[in-house]
Amino acid sequence: TTAAVYAAFMAMYPTNAIDVYIYAARSRLLTAYGDNPNAVRPVTYWDTDPYMHYASQEWADNLSPYGPLWNQLAAPVTWLGGDSIGEAILGFKLLSAGAAIATAWFIHAIVRDRHPEWALPAALFWLWNPLVLWDGIGNAHNDVTLMLPVVAALWAWQKRLDHWVIPLLLASVLIKYVTLILIPVALVAVWRRNPDSRERVAGILWSASAMLFLFAVSLYPFFHIDAIVTSAREQGALVAASPAWVVMASLQEWSIAVIPRETIINVAYAIAAIYIAGWMVACWRDPERLPRAAFEVMFAFMLVASTNQRAWYVIWIVPLAALLIPATPWRRTLLWSVTAMMGHACTIWLWFMWDFEAWGYYRYILIIVTVVFLPVIALTLREGINALRVRTDRSESTRAVTSTG
255 TTAAVYAAFM AMYPTNAIDV YIYAARSRLL TAYGDNPNAV RPVTYWDTDP
305 YMHYASQEWA DNLSPYGPLW NQLAAPVTWL GGDSIGEAIL GFKLLSAGAA
355 IATAWFIHAI VRDRHPEWAL PAALFWLWNP LVLWDGIGNA HNDVTLMLPV
405 VAALWAWQKR LDHWVIPLLL ASVLIKYVTL ILIPVALVAV WRRNPDSRER
455 VAGILWSASA MLFLFAVSLY PFFHIDAIVT SAREQGALVA ASPAWVVMAS
505 LQEWSIAVIP RETIINVAYA IAAIYIAGWM VACWRDPERL PRAAFEVMFA
555 FMLVASTNQR AWYVIWIVPL AALLIPATPW RRTLLWSVTA MMGHACTIWL
605 WFMWDFEAWG YYRYILIIVT VVFLPVIALT LREGINALRV RTDRSESTRA
655 VTSTG
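Counting in the numbering used here, the sequence shown runs from 255 upward without gaps.
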């Protein structure tokens, strides 16, 4: 069944976004011209290479916002595809499908060790998730590939192969920088779980060697750090279709205040940093909470600090929720997956029905953000209140027992 479903989505014409075409155009810079996609824009060859037109004029003038390891993973696809954009698209779909299946194997292995009866449902929660199918396979977004090393790191954590955890997370960061937020909590957990000084030193040396190897492979042949920093900053400066955008645009729309986007981004990052610090403390107290910390940190970051949130970014939390099954994070994840798909419906049909002159762009985006985020925020608050009540009841029960004793 899974094979048939994946074959159907691999045959799907990419829709909602042209990212896979942009991947191909940027990768062609490397495979056809020997240029660094983080330093050279597809528009450079706009007049001489029709292939670059697939990136569209809107995006051909942008540097690749992805990590250098993504350039290495994408290169074989466009090298084998040659001048055929169709073969390149199929190649990126195959890459995503392979990453999805490998991720499912790790999820199954992780859950099987703790709850054997939930191993298959957990793997299928990932494989059959509507966003994974639509955006990960059908549209070949690289977010599926991004999460494979993260899940592999958590598998290594469960197997007590702690020296693999940070290098695997770094591999993910070198594909797409967002997973950098997971490294602080992982560092704390790994450090605390290995109290023996010799084990710590050995782990540090091994991890450092693996990380240096990863950097060397990823940066080859350019080793152009400045270009990577510049391209990452370009992407990080965007604010659109997110709660942060609603705050910024609403204050301006209602003539309350005009807040620079840099301020909005900095405040959002500060809130996320405080939350990450809280989970670092939690992992210091109990290192075994790392898998839950990874989910909660990524979830909160998407809700607050992903200021240019896209529907397919929800793929980031799907495998993290799957490997926690039967714990409840799957509820928020499934709901967000559904509302993200509803957001796609808005961008497809609402866009064509919307009278932008009469109703404006602000209301259009406000509807989309409300549809995508409000149900998730409501469920999150409900679960938080319920958890607080349970904790309060436990405290009262403990006090009652103590006073009775």
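Ideal placement from N, C-alpha and C gives every residue a C-beta, glycine not left out. Just so it is clear, the structure is predicted and the values come from calculations on it, not from any experiment.
Sort 531, 567, 541, 566 by Cα distance to residue 551 and report the nearest one.
-> 531 is the residue among 531, 567, 541, 566 whose C-alpha sits nearest the C-alpha of residue 551.
Of the residues 405, 463, 348, which one's Cα is nearest the Cα of residue 549?
-> Looking from the CA of residue 549, the closest CA among 405, 463, 348 belongs to 405.
Could you round the C-beta distance between residue 392 and residue 555 to whole angstroms and report it? I think they count as a contact, below 8 Å.
-> Rounded, the Cβ-Cβ distance is 25 Å, inconsistent with contact.
On the three-pair Cβ rule with 8 Å, is the stretch 394–413 touching the stretch 289–307?
-> Touching, no, given that fewer than three Cβ pairs across the two stretches are closer than 8 Å.
Are the beta-carbon atoms belonging to residue 323 and residue 425 less than 8 Å from one another?
-> Yes.
Report back the beta-carbon spacing between residue 385 and residue 572 to the nearest angstrom; my notes put them in contact at under 8 Å.
-> Correct: roughly 7 Å between the Cβ atoms.
How would you label residue 607, buried or exposed, when you count the other beta carbons within 10 angstroms and need 16 or more for buried?
-> Residue burial is scored here from C-beta neighbours: residue 607 has fewer than 16 other C-beta atoms within 10 angstroms and is therefore classed as exposed.
Would you kindly report the start and end of the unbroken alpha helix (DSSP H) that includes residue 372?
-> No alpha helix (DSSP H) contains residue 372, which DSSP labels as neither H nor E.
Distance between residue 455 and residue 591 (C-alpha atoms, nearest Å) = Straight through space, the alpha carbons of residue 455 and residue 591 are spaced by roughly 42 Å.
Could you pull out every unbroken alpha helix (DSSP H) segment of at least 4 residues lying fully inside the stretch 484–564, listed in chain order?
-> If one requires a minimum length of 4 residues, the alpha helix (DSSP H) runs lying completely within the stretch 484–564 are 497–507, 515–539, 544–554, in chain order.
So what's residue 267 in DSSP terms, helix, strand or just coil?
-> DSSP places residue 267 outside both helix and strand once states are collapsed to three, so it counts as coil.
Alpha-carbon to alpha-carbon, residue 585 and residue 636 | Rounded to whole angstroms, residue 636 to residue 585 spans 12 Å at the Cα level.
What residue does the alpha helix (DSSP H) around residue 401 start on, and which one ends it?
-> Unbroken alpha helix (DSSP H) run through residue 401: 397–412.
If you draw a straight line from the alpha carbon of residue 624 to that of residue 352, how long is it in whole angstroms?
-> Straight across, the Cα-Cα distance linking residue 624 with residue 352 is about 34 Å.
Chain-order list of residues whose beta-carbon lies under 6 Å from that of residue 270 (same chain, five-residue window excluded) = The answer, listed in chain order, is 598.
Counting Cβ pairs closer than 8 Å, one from the stretch 341–359 and one from the stretch 534–543, do we hit at least three?
-> Taking a cut-off of 8 Å on C-beta distances, the stretch 341–359 does not touch the stretch 534–543, as fewer than three cross pairs fall below it.
Contact check, residue 335 vs residue 345, beta carbons under 8 Å | It is a contact, given that the beta carbons lie within the stated cut-off.
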